[in-house]
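Presented below is the structure to which this report refers.
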Amino acid sequence: MGYVFTVAKCAISWKAELQDTVSLSTTEADYMATIEALKEALWLRGLDEKFSIIQDSVQVHCDSQSAIHLAKDHIYHKRTKHIDVKYHKYVSGS
Numbered sequence: 250m251g252y253v254f255t256v257a258k259c260a261i262s263w264k265a266e267l268q269d270t271v272s273l274s275t276t277e278a279d280y281m282a283t284i285e286a287l288k289e290a291l292w293l294r295g296l297d298e299k300f301s302i303i304q305d306s307v308q309v310h311c312d313s314q315s316a317i318h319l320a321k322d323h324i325y326h327k328r329t330k331h332i333d334v335k336y337h338k339y340v341s342g343s
């Protein structure tokens, strides 16, 4: 799992490590990694607000098509019902 956040082409936050949970598929592993990056993005956005930095948007990129499809439509799927609800709440906009 890993991510890098940049501002003006300078890295401001990054992480590269093994996931601390066991995934049953690469889709699940990629989905969980994307959600972890999204959580960091939300935290950085809050930090920007504290310093009165205006941030219109944050882009999070994922190279896994199956994880992207799961993020767009995470209603009940037989093969993904075991994924913890805590990951779905960040994608749904809560």
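Everything in the sequence shown is counted per this note's numbering, starting at 250 for the first residue and increasing by one. All residues carry an ideal CB built from backbone N, CA and C; glycine is no exception.
Exercise. Would you report the Cα separation of valine 307 and glutamine 268, rounded to the nearest angstrom?
Worked result: 23 Å
For this session: Specify the secondary structure class of threonine 283 as computed by DSSP and reduced to three states.
Result: helix
Exercise. Which word fits alanine 265, buried or exposed, when buried means at least 16 other C-beta atoms lie within 10 angstroms of its C-beta?
Worked result: exposed
Exercise. Can you tell me whether DSSP reads serine 272 as helix, strand or coil?
Worked result: coil
For this session: Report the three-state DSSP secondary structure of alanine 265 (helix, strand or coil).
Result: strand
Exercise. Taking buried to mean at least 16 other C-beta atoms within 10 Å of its own C-beta, is aspartate 279 buried or exposed?
Worked result: buried
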